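A short worksheet on the structure shown next.
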Amino acid sequence: MKKQKIKKVKPGRLKRRENMMGYVFILPWLIGLFGLVLYPLCQSFKYSLNRIVMNPVLGRVMTFQGIDNFRKIFLEDPDFIVQLQGYLWQTLLAVPVIVAFALILAIMLNGNIRLKGFFRLIFFLPVIIASGPVMNQLIGQGAASIPMMNVQMITGVFGSFLPKVVADAVTNVFSNIIMFLWYSGVQILIFLAALQKIDSSLYEAAKIDGGSAWECFWKITIPTIKPMMLLNAVYTVIFMSNIETNGIITLIKTRMFSSGMSGGYGYASAMAWCYSIVVTLIVVVFAAVLMGRKDIYERRARKHRREMRKQQRLAKKFRRRGARNERRNAKKAKKAA
Amino acid sequence: MKDATLKKQKKQPNRLSYKGAWKDRLRKFVFGSKEKEGAGKQTVVYILLISIGFVYLYPLLYMISRSFMTVSDLLDSSIQWLPTEFYTDNYKNAARAMDFWKTFKDSVMVAGIPTLINVVICAIVGYGFARYNFPGKKILMGLLIFSFILPPQITMMPTYVFYTDMETWVKETFKLENFQMIGSLKSFTLPAILGQGLKSQIFILIFWQFFRQVPQALIEAAKIDGAGHFKSFARIAIPSAAPAILVVFLFSIVWYWNESYLTQLYVVGTTQDAVSSLSTLVVSLSTFETSYASAASQSGGQMVSINENIKMAGTMLSILPLLIMYFVLQRQFVESVDRTGITGE
Numbered sequence: 000m001k002k003q004k005i006k007k008v009k010p011g012r013l014k015r016r017e018n019m020m021g022y023v024f025i026l027p028w029l030i031g032l033f034g035l036v037l038y039p040l041c042q043s044f045k046y047s048l049n050r051i052v053m054n055p056v057l058g059r060v061m062t063f064q065g066i067d068n069f070r071k072i073f074l075e076d077p078d079f080i081v082q083l084q085g086y087l088w089q090t091l092l093a094v095p096v097i098v099a100f101a102l103i104l105a106i107m108l109n110g111n112i113r114l115k116g117f118f119r120l121i122f123f124l125p126v127i128i129a130s131g132p133v134m135n136q137l138i139g140q141g142a143a144s145i146p147m148m149n150v151q152m153i154t155g156v157f158g159s160f161l162p163k164v165v166a167d168a169v170t171n172v173f174s175n176i177i178m179f180l181w182y183s184g185v186q187i188l189i190f191l192a193a194l195q196k197i198d199s200s201l202y203e204a205a206k207i208d209g210g211s212a213w214e215c216f217w218k219i220t221i222p223t224i225k226p227m228m229l230l231n232a233v234y235t236v237i238f239m240s241n242i243e244t245n246g247i248i249t250l251i252k253t254r255m256f257s258s259g260m261s262g263g264y265g266y267a268s269a270m271a272w273c274y275s276i277v278v279t280l281i282v283v284v285f286a287a288v289l290m291g292r293k294d295i296y297e298r299r300a301r302k303h304r305r306e307m308r309k310q311q312r313l314a315k316k317f318r319r320r321g322a323r324n325e326r327r328n329a330k331k332a333k334k335a336a
Numbered sequence: 000m001k002d003a004t005l006k007k008q009k010k011q012p013n014r015l016s017y018k019g020a021w022k023d024r025l026r027k028f029v030f031g032s033k034e035k036e037g038a039g040k041q042t043v044v045y046i047l048l049i050s051i052g053f054v055y056l057y058p059l060l061y062m063i064s065r066s067f068m069t070v071s072d073l074l075d076s077s078i079q080w081l082p083t084e085f086y087t088d089n090y091k092n093a094a095r096a097m098d099f100w101k102t103f104k105d106s107v108m109v110a111g112i113p114t115l116i117n118v119v120i121c122a123i124v125g126y127g128f129a130r131y132n133f134p135g136k137k138i139l140m141g142l143l144i145f146s147f148i149l150p151p152q153i154t155m156m157p158t159y160v161f162y163t164d165m166e167t168w169v170k171e172t173f174k175l176e177n178f179q180m181i182g183s184l185k186s187f188t189l190p191a192i193l194g195q196g197l198k199s200q201i202f203i204l205i206f207w208q209f210f211r212q213v214p215q216a217l218i219e220a221a222k223i224d225g226a227g228h229f230k231s232f233a234r235i236a237i238p239s240a241a242p243a244i245l246v247v248f249l250f251s252i253v254w255y256w257n258e259s260y261l262t263q264l265y266v267v268g269t270t271q272d273a274v275s276s277l278s279t280l281v282v283s284l285s286t287f288e289t290s291y292a293s294a295a296s297q298s299g300g301q302m303v304s305i306n307e308n309i310k311m312a313g314t315m316l317s318i319l320p321l322l323i324m325y326f327v328l329q330r331q332f333v334e335s336v337d338r339t340g341i342t343g344e
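Chains as they are written, first to last, in numbering that gives the first Met the number 0: chain A, 0 to 336; chain B, 0 to 344.
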């Protein structure tokens with residue numbers, strides 16, 4: 000008998016024509032995507048390979064320079080590399096701190112406590128007021144560090160064994176710890192909403208099987224809210240890369256309007272490209288870390304399967320060897336006979 | 000005989016009968032059992048929450064207390080939190096330097112108009128993504144998320160050039176001398192109309208998530224009754240999306256209000272030839288020191304020279320409108336994330 004192919008059900012012509020209406024609805028966004036995102040992206044790449052000078056008579060004058068802008072950024076610019084490294088370490092350090100902190104707070108708020116609304120009100124408050132200039136003012140006043148905390152000592156401890164850039168980032172995070180905690184307002188709410196959606200019968204079943212609260216946390220809560228952890232990590236990276244306390248974006252803007260060899264649209268575009276690649280890489284790193292790991296049960300099952308296969312192979316080997324030896328013995332016996 | 004057994008039964012339930020029973024009870028009281036949370040654990044949670052809450056509010060309290068202090072209070076090391084008198088001159092000076100009422104009106108406009116456009120456009124685009132299965136939808140959704148991750152700095156230079164070119168083009172072709180792109184609100188409204196406003200991608204995703212949950216049967220019923228695509232959108236999808244609209248409105252207004260980087264570049268203008276009369280409170284805070292100095296020199300010695308307390312008063316003034324809005328609409332803000340259904344159903 001011939002195998003019957005299962006055909007995919009294609010939408011009918013009417014349905015297809017109707018679906019075309021989707022383009023009408025997303026048309027404004029589509030124009031914006033091409034006009035204000037993709038086209039400027041290519042344009043910006045073109046700029047980054049050019050040197051652009053503003054001339055009062057001729058307007059913009061572009062001269063092609065190849066990768067000269069990038070060479071200057073990495074080899075001659077005194078600020079960019081320092082800022083970029085600082086940003087990189089700070090983000091890699093602060094994002095896990097923020098996400099973990101938000102998770103802990105969300106779990107505490109999710110418990111059976113009074114004044115839940117009041118606490119949520121406080122923890123969400125920074126979302127409203129955390130803008131770049133306000134944060135800069137607060138950092139300038141030293142209001143962003145906890146007064147009881149001894150930052151000097153922490154810096155000393157970390158500075159003794161870490162490279163300077165990393166140690167600086169650690170110091171920065173600790174001395175402005177309130178600022179970083181302030182960035183976790185939305186994340187707390189997202190975790191809280193996710194925690195409330197977890198089926199309580201899961202916990203009951205675990206309890207009946209003798210699971211402790213600790214085990215429940217690692218084997219029910221964490222796997223369930225893992226997608227939310229990814230969402231929060233990405234959100235935090237984007238937020239931290241766009242707020243004005245981040246020195247690197249201010250640097251790009253200053254360079255955009257400064258004249259001279261290390262300035263102008265071309266140079267700033269090259270900087271923006273480097274910066275964007277770093278931001279995207281950070282997002283990819285967090286996505287890989289949070290998406291790649293499988294469930295604990297899956298991991299255990301896979302381990303078990305691997306073990307089984309190993310044993311089977313071993314058993315097969317023994318059997319084969321046994322058969323071979325038998326044959327040999329039989330031959331020997333024959334010879335002897 | 001019977002009496003003896005009864006006595007035995009009565010005696011047995013007494014927990015204090017065995018050795019070390021009180022220890023068990025204490026442990027149960029503090030750490031809790033599987034059925035009930037212990038009092039000790041509860042206390043720890045409350046202490047943690049209250050102390051973290053204090054840490055959260057600390058910069059705000061610091062700001063409020065500092066903004067009411069006189070200069071002598073600032074120098075007096077015995078004064079930590081409470082100022083010696085109710086001193087409001089800091090606020091008066093800061094408000095004068097920021098030109099508070101005009102800047103406030105500008106801020107409302109700069110935050111409000113793009114927000115309204117954002118709500119409308121993002122709702123339409125989100126509906127398009129949620130309702131129709133057009134070819135290439137997955138790729139476009141991917142591009143949507145990609146454009147969210149992409150920092151605005153990378154498209155900033157070409158966009159700026161594009162706006163200036165557009166300015167000269169419109170001036171020449173339509174003979175409009177006063178047309179401005181950079182240094183006017185148009186540079187914010189145009190991206191908003193094209194669905195590329197500030198964090199519009201998140202709002203589109205929120206609407207998409209929301210409209211996916213609108214039952215398809217409702218829309219089909221409307222179709223049978225003769226409603227077209229736009230009518231079923233306006234009459235069925237929009238009225239059911241009130242929570243999403245509220246969330247998008249609130250977040251959009253907060254984010255536009257707090258945006259200073261792009262506002263300064265596009266709306267306020269940085270170069271000499273493109274300076275506008277618009278300014279927002281947050282932007283004027285970032286240039287507070289220079290604007291205060293110029294205001295002080297104009298006032299002819301009436302204003303004291305700048306100090307930390309005045310800076311704090313200025314910071315307080317720039318966040319005050321949002322703070323008031325937050326405390327009025329607190330429920331809407333705090334429950335917003337639940338309502339978007341961002342966590343899925």
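Virtual Cβ for every residue (Gly too), placed ideally from N, Cα, C. Quick caveat, the model's predicted, so the values are computed rather than measured.
Query raised in the report: Using the C-alpha atoms, what's the distance from B/Y255 back to B/F67?
Result: 29 angstroms
Query raised in the report: Does the beta-carbon of B/F187 have 16 or more other beta-carbons within 10 angstroms, so that it is buried, or is it exposed?
Result: buried
Query raised in the report: What residues in the stretch 287 to 304 of chain B have a beta carbon less than 9 angstroms from any beta carbon of chain A?
Result: Within the stretch 287 to 304 of chain B, the qualifying residues are F287.
Query raised in the report: Do you know how far the Cα of B/I237 is from the Cα of B/E344?
Result: Caution is warranted here: a pLDDT of 44 is assigned to B/E344, below 50, making its placement in the model unreliable, and the coordinate value is therefore given only provisionally. Taking the straight line joining both Cα atoms gives about 20 angstroms.
Report task. For B/S81, decide whether its Cβ has a neighbour in chain A, counting only Cβ atoms nearer than 8 angstroms. Result -> As written in the sequence, residue 81 of chain B is Leu, which differs from the Ser given in the question. Chain A contact via Cβ: absent.
Query raised in the report: Quick one: is A/Y367 buried, meaning 16 or more other Cβ sit within 10 Å of its Cβ, or exposed?
Result: Because chain A spans 0 through 336 in this model, residue 367 of chain A falls outside it and cannot be assessed.
Requested in this report: Show which residues of chain B have a CB atom less than 9 angstroms away from the CB atom of A/V36.
Outcome: Within chain B, the residues L142, F145, S146, L149, T154 and Q195 have their CB atoms less than 9 angstroms from the CB of A/V36, given in chain order.
Query - Selected residue, minimal CA-CA separation from B/V336, among B/V327, B/V247 and B/V303 - result: B/V247
Query raised in the report: Which partner residues does A/T62 have in the DSSP bridge list?
Result: Per the DSSP secondary-structure output, A/T62 pairs in a beta bridge with A/R50.
Query raised in the report: Does the Cβ-Cβ distance between B/S290 and A/S130 come in under 8 angstroms?
Result: no
Report task. Using three-state DSSP, classify A/F69 as helix, strand or coil. Result -> helix
**Report entry** Amino acids of chain A, ordered along the chain, whose beta-carbon sits closer than 7 angstroms to that of B/S317
**Finding:** V133
Query raised in the report: Can A/L289 and A/K225 be called in contact, C-beta distance under 8 angstroms?
Result: yes
Query raised in the report: Going along the chain, which residues of the stretch 47 to 69 of chain B sit with their C-beta nearer than 8 angstroms to a C-beta in chain A?
Result: L47, L48, I51, G52, V54, Y55, L56, Y57, P58, L59, Y61, M62 and R65
Query raised in the report: Where does A/L108 fall in DSSP's three states?
Result: DSSP places A/L108 in helix when its eight states are reduced to three.
Query raised in the report: Under a CB-based cut-off of 8 angstroms, is B/G127 close to chain A?
Result: With a threshold of 8 angstroms between beta carbons, B/G127 makes contact with chain A.
Query raised in the report: Counting only beta-carbon atoms, is A/I97 nearer than 8 angstroms to chain B?
Result: no
Query raised in the report: Of all Cβ atoms in chain A, is any one closer than 8 angstroms to the Cβ of B/L413?
Result: Because chain B in this structure spans residues 0 to 344, residue 413 of chain B falls outside the shown range and cannot be described.
Query raised in the report: Going along the chain, which residues of the stretch 271 to 288 of chain A sit with their C-beta nearer than 9 angstroms to a C-beta in chain B?
Result: Here the close residues are A271, W272, Y274, S275, V278, T279 and V282.
Query raised in the report: Mind pulling the chain B residues with CB within less than 8 angstroms of A/N241?
Result: P150, P151 and Y260
Query raised in the report: Rounded to a whole number of angstroms, what is the C-alpha to C-alpha distance between A/P95 and B/A243?
Result: 29 angstroms
Query - Same chain only: Cβ atoms within 6 angstroms of A/T223, ignoring 5 sequence neighbours per side - result: I197
Query raised in the report: Since B/L149 contacts A/S43 with CB under 8 angstroms, what's their CB separation in whole angstroms?
Result: With 8 angstroms as the limit, B/L149 and A/S43 do not qualify as a contact, their Cβ atoms being about 10 angstroms apart.
Query raised in the report: Interface residues of chain A around B/F332 at Cβ under 7 angstroms?
Result: Chain A residues near B/F332: F123.
**Report entry** A/A267: contacting residues in chain B (beta-carbon distance under 7 angstroms)
**Finding:** M156
**Report entry** Contact belief for A/Q186 with A/I97 at Cβ below 8 angstroms, rounded distance in angstroms
**Finding:** 7 angstroms
Requested in this report: Give the DSSP-derived three-state secondary structure of B/E258 in the structure shown.
Outcome: coil
**Report entry** Boundaries (first-last residue) of the alpha helix (DSSP H) holding A/F33
**Finding:** Careful: A/F33 lies outside any alpha helix (DSSP H) and carries neither H nor E.
**Report entry** Cutoff 8 angstroms: A/N18 Cβ touching any chain B Cβ
**Finding:** yes
Requested in this report: Report buried or exposed for A/A204, applying the criterion of at least 16 other Cβ atoms within 10 angstroms of its Cβ.
Outcome: exposed
Report task. Compute the beta-carbon to beta-carbon distance between A/D78 and A/L250, rounded to the nearest angstrom, for a pair I have assumed lies under 8 angstroms. Result -> 6 angstroms
Query raised in the report: Are B/V124 and B/I218 closer than 8 angstroms when you measure CB to CB?
Result: no
Requested in this report: List the endpoints of the continuous alpha helix (DSSP H) containing A/P10.
Outcome: Counting along the chain, A/P10 falls outside any alpha helix (DSSP H), and DSSP gives it neither H nor E.
Query raised in the report: So, using beta-carbon positions, are A/L191 and A/N135 closer together than 8 angstroms?
Result: no
**Report entry** B/K151 (DSSP reduced to helix, strand or coil)
**Finding:** Reading off the sequence shown, one finds Pro at residue 151 of chain B, where the question assumed Lys. Coil at B/P151, not helix or strand.
Query raised in the report: Would you call A/M0 buried or exposed, if buried means 16 or more other Cβ atoms sit within 10 Å of its Cβ?
Result: Any reading at A/M0 must be qualified, since the residue scores a pLDDT of 48, below 50, and its modelled position is unreliable; the value itself is stated next. Flag for A/M0 reads exposed.
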